[in-house]
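Visitor: Quick note on numbering: the sequence shown equals residues 1036 to 1376 in this note's numbering.
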Amino acid sequence: GGDVKCPGLKLPCVPHIGHYNDGMDYKLARTLGVVRFMREPHGKIPSSGFDMLMRRDNVHDIEVYLALYDMQDLRDWAITSRRPYVVNLLYHPWLFPRLAYRAEDSANVEVAIFENVGAYPVTDSPQGVGKTFRSFEQRVWVKDKVYMCMGPDAAQLRIDRHRLICTFWSLCVPEGEERAIVTRHVLLNESRTHITREVSAACADVGDASVASVLRHLQKLLTAVQSATNRLSKLMGRCEGAFDGVPYQGNDQPMALWDEQLALLDRSVNDGSRPEDGAPLLSEMIRRRVYEDMGRRRRKGKFPADDDETIELGHRAFMTPDGAADAERAQAIHRVIIECI
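1) Which word fits D1038, buried or exposed, when buried means at least 16 other C-beta atoms lie within 10 angstroms of its C-beta?
2) Would you mind stating whether G1068 and L1103 have Cβ atoms separated by less than 7 angstroms?
3) For N1056, I'd like the list of residues in its chain whose CB is within less than 8 angstroms of its CB, leaving aside the five on either flank, ordered along the chain.
4) M1185 lies in the alpha helix (DSSP H); which residues open and close that run?
5) Tell me the residue span of the alpha helix (DSSP H) that contains P1128.
6) Out of curiosity, what's the CA-to-CA distance linking V1371 and Y1182?
7) Which residue marks the beginning of the alpha helix (DSSP H) containing L1257, and which one marks its end?
8) So, helix, strand or coil for C1041, using DSSP?
9) Flag this pair as yes or no: are the beta carbons of V1146 and V1164 separated by less than 7 angstroms?
10) Look at the alpha carbon of V1175 and the alpha carbon of R1219, and state the distance between them as a whole number of angstroms.
11) By DSSP, does C1375 sit in helix, in strand, or in coil?
12) Taking 7 angstroms as the threshold (C-beta atoms), are T1202 and V1217 in contact?
13) Measuring CA to CA, which of L1256, E1374 and G1330 is closest to E1363?
14) Would you list the residues sitting across from S1205 in a DSSP beta bridge?
15) Specify, as a first and last residue, the run of the beta strand (DSSP E) that G1084 falls within.
16) Excluding the 5 residues flanking D1361 on each side, which residues of the same chain have their C-beta closer than 8 angstroms to its C-beta?
17) With a threshold of 8 angstroms on Cβ separation, who are the neighbours of M1087 within its own chain once the five nearest residues in sequence on each side are excluded?
18) Quick one: what does DSSP say R1302 is sitting in, helix, strand or coil?
19) One question on the structure: do P1128 and L1192 come within less than 7 angstroms of each other, judged by their Cβ atoms?
20) Assuming contact is defined by CB atoms lying nearer than 7 angstroms, are E1327 and G1358 in contact in what I supplied?
21) Provide the residue span of the alpha helix (DSSP H) that contains D1343, from first to last.
22) Which of the three DSSP states, helix, strand or coil, is assigned to E1172?
23) Count the other C-beta atoms from every protein chain shown that fall within 10 angstroms of the C-beta of N1286, then say buried if there are 16 or more, exposed otherwise.
24) Is R1322 near the ligand MN, with its Cβ less than 6 angstroms from a heavy atom?
25) With H, G and I counted as helix, E and B as strand and the rest as coil, what does DSSP make of N1143?
26) Between which two residues does the alpha helix (DSSP H) harbouring A1237 extend?
27) Out of curiosity, what's the CA-to-CA distance linking V1249 and I1346?
28) Indicate whether E1213 and H1095 have their beta-carbon atoms separated by less than 7 angstroms.
29) Cα separation between F1131 and E1374?
30) Using the Cα positions of K1040 and M1089, report the straight-line distance between them to the nearest angstrom.
31) Rank M1320, G1053 and I1321 by C-alpha distance to the C-alpha of G1186 and give the top, closest one.
32) Can you grab the Cα-Cα spacing for the pair E1275 / P1050, in whole Å?
33) Please list, in chain order, all residues of the same chain as A1142 whose beta carbon is under 6 angstroms from its beta carbon, the five residues on each side excluded.
34) From the DSSP secondary-structure annotation, give me the bridge partner or partners of Q1191.
35) Starting from D1108, trace the alpha helix (DSSP H) both ways and give me its first and last residue.
Structure below.
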(Lines of atoms letter the chains of each structure in order from A and count residues from 1; the text may use other names and numbers.)
(Lines give C-alpha, C1' and ligand atoms only; values in the text may rest on other atoms or scores of the structure.)
Protein backbone atom coordinates (compact mmCIF):
# COMPACT_ATOMS: atom_id res chain seq x y z
CA GLY A 1 0.00 0.00 0.00
CA GLY A 2 2.97 2.35 0.36
CA ASP A 3 4.44 1.87 -3.12
CA VAL A 4 3.31 5.22 -4.53
CA LYS A 5 5.13 8.27 -3.15
CA CYS A 6 4.36 11.95 -3.28
CA PRO A 7 7.33 13.34 -5.29
CA GLY A 8 7.46 16.67 -3.48
CA LEU A 9 7.25 15.26 0.06
CA LYS A 10 9.04 11.97 -0.70
CA LEU A 11 6.56 10.14 1.49
CA PRO A 12 4.23 7.22 0.66
CA CYS A 13 0.70 8.38 -0.24
CA VAL A 14 -0.83 7.06 2.98
CA PRO A 15 -1.62 8.60 6.39
CA HIS A 16 1.38 9.38 8.60
CA ILE A 17 1.83 10.19 12.29
CA GLY A 18 4.13 12.92 13.54
CA HIS A 19 4.57 16.04 15.62
CA TYR A 20 4.35 19.57 14.22
CA ASN A 21 7.27 20.75 16.39
CA ASP A 22 6.29 24.44 16.16
CA GLY A 23 6.73 24.36 12.38
CA MET A 24 10.49 23.89 12.64
CA ASP A 25 11.15 20.30 11.57
CA TYR A 26 8.29 17.79 11.49
CA LYS A 27 9.05 14.72 13.59
CA LEU A 28 7.59 11.62 11.93
CA ALA A 29 7.00 8.16 13.32
CA ARG A 30 8.67 5.47 11.23
CA THR A 31 6.11 3.70 9.04
CA LEU A 32 6.87 -0.02 9.27
CA GLY A 33 4.38 -1.19 6.69
CA VAL A 34 1.11 -0.40 4.97
CA VAL A 35 -1.50 -2.75 3.55
CA ARG A 36 -4.35 -1.61 1.32
CA PHE A 37 -7.43 -3.82 1.32
CA MET A 38 -8.54 -4.14 -2.28
CA ARG A 39 -11.14 -6.89 -2.00
CA GLU A 40 -14.41 -5.81 -0.36
CA PRO A 41 -12.75 -3.00 1.63
CA HIS A 42 -16.08 -1.82 3.09
CA GLY A 43 -16.35 -5.07 5.03
CA LYS A 44 -13.13 -4.32 6.91
CA ILE A 45 -14.53 -1.12 8.48
CA PRO A 46 -16.15 -1.47 11.95
CA SER A 47 -19.83 -0.54 11.94
CA SER A 48 -19.33 2.59 14.07
CA GLY A 49 -17.01 4.08 11.46
CA PHE A 50 -18.99 2.86 8.48
CA ASP A 51 -22.13 4.53 9.85
CA MET A 52 -20.31 7.87 10.13
CA LEU A 53 -19.03 7.52 6.60
CA MET A 54 -22.46 6.75 5.18
CA ARG A 55 -23.74 10.08 6.49
CA ARG A 56 -21.48 11.78 3.92
CA ASP A 57 -23.60 11.47 0.78
CA ASN A 58 -20.83 12.79 -1.44
CA VAL A 59 -18.46 9.86 -0.70
CA HIS A 60 -18.37 7.21 -3.42
CA ASP A 61 -14.78 5.95 -3.39
CA ILE A 62 -13.38 4.50 -0.14
CA GLU A 63 -9.78 3.40 0.40
CA VAL A 64 -9.12 1.17 3.42
CA TYR A 65 -5.64 0.65 4.89
CA LEU A 66 -3.80 -0.98 7.74
CA ALA A 67 -0.72 1.03 8.78
CA LEU A 68 1.94 0.05 11.33
CA TYR A 69 4.26 2.59 12.95
CA ASP A 70 7.35 2.40 15.15
CA MET A 71 6.88 5.27 17.62
CA GLN A 72 10.16 4.81 19.53
CA ASP A 73 12.14 7.78 18.16
CA LEU A 74 9.14 10.11 18.18
CA ARG A 75 8.28 9.07 21.75
CA ASP A 76 11.90 9.57 22.86
CA TRP A 77 11.93 13.04 21.30
CA ALA A 78 8.64 14.06 22.94
CA ILE A 79 9.73 12.92 26.40
CA THR A 80 13.29 14.31 26.25
CA SER A 81 11.93 17.68 25.07
CA ARG A 82 9.39 17.66 27.95
CA ARG A 83 6.38 17.70 25.62
CA PRO A 84 3.09 15.88 26.14
CA TYR A 85 2.80 12.73 24.05
CA VAL A 86 0.41 14.35 21.59
CA VAL A 87 0.81 13.66 17.87
CA ASN A 88 -0.73 14.80 14.58
CA LEU A 89 -2.47 12.77 11.89
CA LEU A 90 -0.97 13.74 8.54
CA TYR A 91 -2.86 13.14 5.32
CA HIS A 92 -0.80 15.47 3.11
CA PRO A 93 0.89 12.81 0.89
CA TRP A 94 -2.46 11.10 0.27
CA LEU A 95 -4.24 14.40 -0.42
CA PHE A 96 -1.57 15.69 -2.81
CA PRO A 97 -0.12 12.58 -4.49
CA ARG A 98 1.32 14.46 -7.49
CA LEU A 99 2.67 17.49 -5.64
CA ALA A 100 6.02 18.51 -7.12
CA TYR A 101 9.09 19.65 -5.22
CA ARG A 102 8.78 23.33 -4.18
CA ALA A 103 5.07 23.33 -5.06
CA GLU A 104 2.40 24.29 -2.53
CA ASP A 105 -1.18 23.14 -1.92
CA SER A 106 -3.88 23.02 0.74
CA ALA A 107 -7.18 21.29 1.43
CA ASN A 108 -9.82 21.14 4.13
CA VAL A 109 -10.68 17.71 5.50
CA GLU A 110 -13.07 16.16 8.01
CA VAL A 111 -11.39 13.71 10.39
CA ALA A 112 -12.64 11.42 13.16
CA ILE A 113 -11.26 8.47 15.13
CA PHE A 114 -13.06 5.43 16.56
CA GLU A 115 -12.40 1.98 18.05
CA ASN A 116 -9.40 3.48 19.87
CA VAL A 117 -7.24 1.74 22.49
CA GLY A 118 -4.41 3.78 24.01
CA ALA A 119 -5.03 6.70 21.65
CA TYR A 120 -7.32 9.41 22.98
CA PRO A 121 -9.28 12.31 21.45
CA VAL A 122 -8.09 15.81 22.30
CA THR A 123 -11.55 17.31 22.79
CA ASP A 124 -10.47 20.39 24.75
CA SER A 125 -8.62 21.90 21.77
CA PRO A 126 -10.08 23.02 18.42
CA GLN A 127 -7.10 21.30 16.79
CA GLY A 128 -7.83 17.93 18.42
CA VAL A 129 -9.58 15.01 16.73
CA GLY A 130 -12.70 13.53 18.29
CA LYS A 131 -15.08 10.65 17.83
CA THR A 132 -17.23 12.75 15.54
CA PHE A 133 -16.10 14.60 12.44
CA ARG A 134 -14.08 17.78 12.91
CA SER A 135 -12.75 20.02 10.13
CA PHE A 136 -9.04 20.74 9.73
CA GLU A 137 -6.75 22.31 7.17
CA GLN A 138 -3.94 20.28 5.62
CA ARG A 139 -1.37 22.49 3.93
CA VAL A 140 2.03 22.15 2.27
CA TRP A 141 4.27 25.17 1.79
CA VAL A 142 7.90 25.94 0.93
CA LYS A 143 10.30 27.50 3.45
CA ASP A 144 13.41 29.39 2.32
CA LYS A 145 12.72 28.23 -1.26
CA VAL A 146 14.07 24.78 -0.35
CA TYR A 147 12.27 23.03 2.52
CA MET A 148 8.90 21.36 2.05
CA CYS A 149 6.77 21.95 5.15
CA MET A 150 3.53 20.31 6.31
CA GLY A 151 1.02 21.84 8.67
CA PRO A 152 -0.73 23.35 10.43
CA ASP A 153 -0.64 21.91 13.97
CA ALA A 154 -3.97 20.12 13.55
CA ALA A 155 -5.68 16.72 13.86
CA GLN A 156 -4.06 16.04 17.24
CA LEU A 157 -4.54 13.00 19.44
CA ARG A 158 -2.93 11.88 22.69
CA ILE A 159 -1.06 8.57 22.91
CA ASP A 160 -0.66 6.50 26.08
CA ARG A 161 3.01 6.65 27.17
CA HIS A 162 3.01 3.25 28.83
CA ARG A 163 1.05 0.94 26.52
CA LEU A 164 3.22 -1.26 24.32
CA ILE A 165 0.66 -1.31 21.49
CA CYS A 166 -1.90 1.43 20.80
CA THR A 167 -4.52 1.13 18.06
CA PHE A 168 -7.24 3.26 16.53
CA TRP A 169 -9.22 3.73 13.33
CA SER A 170 -9.37 7.06 11.52
CA LEU A 171 -11.63 8.53 8.86
CA CYS A 172 -10.63 11.35 6.53
CA VAL A 173 -13.01 12.96 4.01
CA PRO A 174 -11.61 15.80 1.86
CA GLU A 175 -13.98 18.71 1.41
CA GLY A 176 -15.61 18.82 -2.04
CA GLU A 177 -14.30 15.39 -3.11
CA GLU A 178 -15.97 12.02 -3.59
CA ARG A 179 -13.22 9.96 -1.97
CA ALA A 180 -12.41 9.04 1.62
CA ILE A 181 -9.68 7.10 3.39
CA VAL A 182 -10.22 4.76 6.35
CA THR A 183 -7.17 3.52 8.24
CA ARG A 184 -6.52 1.16 11.12
CA HIS A 185 -3.39 2.50 12.82
CA VAL A 186 -1.22 0.17 14.92
CA LEU A 187 1.45 1.94 17.00
CA LEU A 188 4.42 0.08 18.49
CA ASN A 189 5.53 2.37 21.31
CA GLU A 190 8.77 0.64 22.29
CA SER A 191 11.34 -1.03 20.04
CA ARG A 192 14.64 -0.85 21.97
CA THR A 193 14.13 -3.99 24.04
CA HIS A 194 15.30 -7.09 22.17
CA ILE A 195 11.89 -8.76 21.78
CA THR A 196 10.15 -5.61 20.55
CA ARG A 197 13.07 -4.67 18.30
CA GLU A 198 12.72 -8.03 16.57
CA VAL A 199 8.99 -7.44 16.00
CA SER A 200 9.71 -4.00 14.54
CA ALA A 201 12.38 -5.40 12.21
CA ALA A 202 10.03 -8.17 11.07
CA CYS A 203 7.40 -5.61 10.03
CA ALA A 204 9.67 -4.14 7.34
CA ASP A 205 8.37 -3.90 3.78
CA VAL A 206 7.92 -7.17 1.93
CA GLY A 207 9.99 -5.94 -1.03
CA ASP A 208 8.24 -7.55 -3.99
CA ALA A 209 4.81 -9.08 -4.18
CA SER A 210 5.90 -12.60 -5.11
CA VAL A 211 4.43 -15.49 -3.16
CA ALA A 212 7.87 -16.55 -1.91
CA SER A 213 8.67 -13.03 -0.65
CA VAL A 214 5.33 -12.70 1.14
CA LEU A 215 5.74 -16.13 2.80
CA ARG A 216 9.26 -15.28 3.98
CA HIS A 217 7.98 -12.01 5.39
CA LEU A 218 5.10 -13.70 7.24
CA GLN A 219 7.40 -16.40 8.61
CA LYS A 220 9.82 -13.77 9.97
CA LEU A 221 6.95 -11.79 11.51
CA LEU A 222 5.34 -14.88 13.06
CA THR A 223 8.67 -16.01 14.54
CA ALA A 224 9.28 -12.56 16.10
CA VAL A 225 5.76 -12.37 17.54
CA GLN A 226 5.97 -15.91 18.93
CA SER A 227 9.33 -15.13 20.55
CA ALA A 228 7.96 -11.96 22.18
CA THR A 229 4.82 -13.79 23.31
CA ASN A 230 6.82 -16.64 24.86
CA ARG A 231 9.13 -14.25 26.69
CA LEU A 232 6.25 -12.21 28.12
CA SER A 233 4.32 -15.36 29.02
CA LYS A 234 7.28 -16.60 31.07
CA LEU A 235 7.54 -13.23 32.80
CA MET A 236 3.83 -13.32 33.62
CA GLY A 237 3.86 -16.92 34.85
CA ARG A 238 6.90 -16.49 37.09
CA CYS A 239 5.85 -13.20 38.67
CA GLU A 240 2.16 -13.95 38.97
CA GLY A 241 3.00 -17.32 40.47
CA ALA A 242 5.42 -15.77 42.97
CA PHE A 243 2.74 -13.40 44.27
CA ASP A 244 0.35 -16.34 44.45
CA GLY A 245 2.79 -18.22 46.69
CA VAL A 246 4.59 -20.38 44.10
CA PRO A 247 8.38 -19.74 44.30
CA TYR A 248 10.46 -19.72 41.10
CA GLN A 249 13.81 -21.57 41.31
CA GLY A 250 13.72 -21.32 45.07
CA ASN A 251 13.09 -17.56 45.13
CA ASP A 252 10.23 -17.03 47.56
CA GLN A 253 10.49 -13.22 47.61
CA PRO A 254 7.92 -12.03 45.02
CA MET A 255 9.05 -8.37 45.01
CA ALA A 256 12.67 -9.34 44.39
CA LEU A 257 11.66 -11.77 41.63
CA TRP A 258 9.44 -9.11 40.03
CA ASP A 259 12.36 -6.65 39.88
CA GLU A 260 14.74 -9.32 38.62
CA GLN A 261 12.46 -10.50 35.82
CA LEU A 262 11.74 -6.97 34.63
CA ALA A 263 15.47 -6.14 34.63
CA LEU A 264 16.11 -9.16 32.38
CA LEU A 265 13.91 -7.62 29.68
CA ASP A 266 16.34 -4.68 29.39
CA ARG A 267 19.63 -6.53 29.48
CA SER A 268 20.16 -6.17 25.70
CA VAL A 269 19.70 -2.38 25.74
CA ASN A 270 23.33 -1.42 26.19
CA ASP A 271 24.40 -0.06 22.81
CA GLY A 272 24.31 3.60 23.87
CA SER A 273 21.61 4.47 21.32
CA ARG A 274 19.04 5.34 23.96
CA PRO A 275 18.88 9.05 24.92
CA GLU A 276 19.85 9.72 28.52
CA ASP A 277 16.37 10.98 29.39
CA GLY A 278 14.58 8.87 26.79
CA ALA A 279 11.21 7.20 27.00
CA PRO A 280 10.72 4.31 29.45
CA LEU A 281 11.77 0.88 28.24
CA LEU A 282 9.37 -2.06 28.12
CA SER A 283 10.12 -3.13 31.70
CA GLU A 284 9.27 0.30 33.08
CA MET A 285 6.18 0.53 30.85
CA ILE A 286 4.91 -2.78 32.26
CA ARG A 287 5.71 -1.67 35.81
CA ARG A 288 3.80 1.62 35.42
CA ARG A 289 0.88 -0.08 33.70
CA VAL A 290 0.58 -2.41 36.71
CA TYR A 291 0.60 0.61 39.01
CA GLU A 292 -2.06 2.29 36.87
CA ASP A 293 -4.19 -0.85 36.87
CA MET A 294 -4.15 -0.93 40.68
CA GLY A 295 -4.56 2.85 40.97
CA ARG A 296 -7.71 2.86 38.83
CA ARG A 297 -9.38 0.51 41.30
CA ARG A 298 -8.75 3.03 44.06
CA ARG A 299 -10.28 6.05 42.38
CA LYS A 300 -13.88 7.03 41.75
CA GLY A 301 -15.48 9.24 39.14
CA LYS A 302 -14.02 10.25 35.80
CA PHE A 303 -10.28 10.67 35.34
CA PRO A 304 -8.02 10.45 32.28
CA ALA A 305 -6.14 7.33 31.24
CA ASP A 306 -2.37 7.32 31.68
CA ASP A 307 -2.73 9.74 34.60
CA ASP A 308 0.20 10.44 36.95
CA GLU A 309 -2.03 10.62 40.05
CA THR A 310 -3.48 7.19 39.25
CA ILE A 311 -0.02 5.72 38.70
CA GLU A 312 1.29 7.16 41.97
CA LEU A 313 -1.73 5.82 43.87
CA GLY A 314 -1.16 2.35 42.42
CA HIS A 315 2.56 2.58 43.09
CA ARG A 316 1.95 3.17 46.78
CA ALA A 317 -0.52 0.29 46.93
CA PHE A 318 1.83 -2.11 45.12
CA MET A 319 4.98 -1.24 47.09
CA THR A 320 3.48 -0.86 50.57
CA PRO A 321 3.30 -4.27 52.32
CA ASP A 322 -0.20 -3.59 53.65
CA GLY A 323 -1.30 -1.58 50.60
CA ALA A 324 -2.71 -4.58 48.74
CA ALA A 325 -2.98 -8.33 48.97
CA ASP A 326 -0.46 -10.36 46.95
CA ALA A 327 -3.39 -11.89 45.07
CA GLU A 328 -4.36 -8.41 43.84
CA ARG A 329 -0.78 -7.76 42.72
CA ALA A 330 -0.79 -11.06 40.84
CA GLN A 331 -4.06 -10.20 39.09
CA ALA A 332 -2.78 -6.77 38.05
CA ILE A 333 0.38 -8.32 36.57
CA HIS A 334 -1.73 -10.87 34.72
CA ARG A 335 -4.05 -8.26 33.20
CA VAL A 336 -1.25 -5.95 32.06
CA ILE A 337 0.97 -8.60 30.47
CA ILE A 338 -1.98 -10.33 28.80
CA GLU A 339 -2.75 -6.93 27.25
CA CYS A 340 0.82 -6.76 25.88
CA ILE A 341 0.61 -10.31 24.54
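The beta-carbon is built from N, C-alpha and C at its ideal position, and this holds for glycine as well. Computed from a predicted model, the values in this text were never measured in an experiment.
Guide: For this structure:
1) Translated into positions along the sequence shown, residue 1038 becomes position 3. D1038 is exposed by the Cβ-count criterion.
2) By one-based count along the sequence shown, residue 1068 stands at place 33. By one-based count along the sequence shown, residue 1103 stands at place 68. Yes, Cβ-Cβ distance for G1068 and L1103 is below 7 angstroms.
3) As a first step, residue 1056 is located in the sequence shown; it is residue number 21 there, counting from the start. Cβ neighbours of N1056 beyond the five flanking positions: K1062.
4) Along the sequence shown, one-based indexing puts residue 1185 at 150. Element bounds for M1185: not the alpha helix (DSSP H) but the beta strand (DSSP E), Y1182 to G1186.
5) Within the sequence shown, the letter at position 93 stands for residue 1128. Its alpha helix (DSSP H) spans residues H1127 to L1130.
6) Position 336 of the sequence shown, counted from the start, is the residue given in the question as residue 1371. Position 147 of the sequence shown, counted from the start, is the residue given in the question as residue 1182. Taking the straight line joining both Cα atoms gives about 44 angstroms.
7) For this step, residue 1257 is matched to residue 222 along the sequence shown. Counting along the chain, the alpha helix (DSSP H) containing L1257 begins and ends at V1246 to F1278.
8) Here residue 1041 refers to the residue found at position 6 of the sequence shown. If DSSP states are grouped into helix, strand and coil, C1041 belongs with the strands.
9) For the purposes of this step, residue 1146 is identified with residue 111 of the sequence shown, where counting begins at 1. For the purposes of this step, residue 1164 is identified with residue 129 of the sequence shown, where counting begins at 1. At a Cβ-Cβ threshold of 7 angstroms, V1146 and V1164 count as neighbours.
10) The sequence position of residue 1175 within the sequence shown is 140, counting from 1. The sequence position of residue 1219 within the sequence shown is 184, counting from 1. Computed Cα separation, rounded: 24 angstroms.
11) Walking along the sequence shown from the start, residue 1375 turns up at place 340. The answer is helix: DSSP assigns C1375 an H, G or I state.
12) Translated into the one-based positions of the sequence shown, residue 1217 becomes position 182. Translated into the one-based positions of the sequence shown, residue 1202 becomes position 167. Against a cut-off of 7 angstroms, the Cβ pair of T1202 and V1217 comes out as no contact.
13) For the purposes of this step, residue 1363 is taken as residue 328 along the sequence shown, with counting starting at 1. For the residues L1256, E1374 and G1330, the minimum Cα distance to E1363 belongs to G1330.
14) Along the sequence shown, one-based indexing puts residue 1205 at 170. Answer is I1148 and T1218.
15) In the sequence shown, the residue the question calls residue 1084 occupies position 49. Not the beta strand (DSSP E): G1084 falls in the alpha helix (DSSP H), residues S1082 to M1089.
16) Here the question's residue 1361 lines up with position 326 in the sequence shown. Counting only Cβ-Cβ distances below 8 angstroms, and skipping sequence neighbours, we find F1278, D1279, G1280 and P1289.
17) Sequence index remark: in the sequence shown, residue 1087 carries index 52 (1-based). Answer for M1087: A1147, F1149, T1167, F1168 and L1206, listed in chain order.
18) Taking the first residue of the sequence shown as position 1, residue 1302 is located at position 267. Residue state, collapsed to three classes: coil.
19) Working through the sequence shown from its first residue, we reach residue 1128 at position 93. Working through the sequence shown from its first residue, we reach residue 1192 at position 157. No.
20) Start at 1 with the first residue of the sequence shown, and residue 1327 comes out as number 292. Start at 1 with the first residue of the sequence shown, and residue 1358 comes out as number 323. Their beta carbons are not under 7 angstroms apart, which means E1327 does not touch G1358 by this criterion.
21) Position 308 of the sequence shown, counted from the first residue, corresponds to residue 1343. It spans D1343 to M1354 - the alpha helix (DSSP H) in which D1343 sits, taken as one unbroken run.
22) Taking the first residue of the sequence shown as position 1, residue 1172 is located at position 137. Three-state result, E1172: strand.
23) Indexing the sequence shown from 1 puts residue 1286 at position 251. It counts as exposed.
24) By its list of ligands, the structure shown contains no ligand whatsoever, and the ligand MN lies outside what it can speak to.
25) In the sequence shown, residue 1143 corresponds to position 108, counting from 1. N1143 falls in the strand class under three-state DSSP.
26) Position 202 of the sequence shown holds residue 1237. H1229 to A1237 is the extent of the alpha helix (DSSP H) around A1237.
27) In the sequence shown, the residue the question calls residue 1249 occupies position 214. In the sequence shown, the residue the question calls residue 1346 occupies position 311. Approximately 42 angstroms between the Cα atoms of the pair.
28) Here residue 1213 refers to the residue found at position 178 when the sequence shown is read from its first residue. Here residue 1095 refers to the residue found at position 60 when the sequence shown is read from its first residue. In contact: E1213 and H1095 (Cβ atoms closer than 7 angstroms).
29) Walking along the sequence shown from the start, residue 1131 turns up at place 96. Walking along the sequence shown from the start, residue 1374 turns up at place 339. Going by the C-alpha atoms only, they are around 38 angstroms apart.
30) Translated into the one-based positions of the sequence shown, residue 1040 becomes position 5. Translated into the one-based positions of the sequence shown, residue 1089 becomes position 54. Cα-Cα distance, rounded: 29 angstroms.
31) For the purposes of this step, residue 1186 is taken as residue 151 along the sequence shown, with counting starting at 1. Here the closest residue by C-alpha is G1053.
32) Translated into the one-based positions of the sequence shown, residue 1275 becomes position 240. Translated into the one-based positions of the sequence shown, residue 1050 becomes position 15. About 40 angstroms.
33) Mapped onto the sequence shown, residue 1142 falls at position 107. If we look at A1142 and ignore the five residues flanking it on each side, its Cβ neighbours are L1130, Q1173 and P1209.
34) The sequence position of residue 1191 within the sequence shown is 156, counting from 1. Answer is N1123 and G1163, bridged to Q1191.
35) Position 73 of the sequence shown, counted from the first residue, corresponds to residue 1108. From DSSP, the alpha helix (DSSP H) with D1108 extends over Q1107 to T1115.
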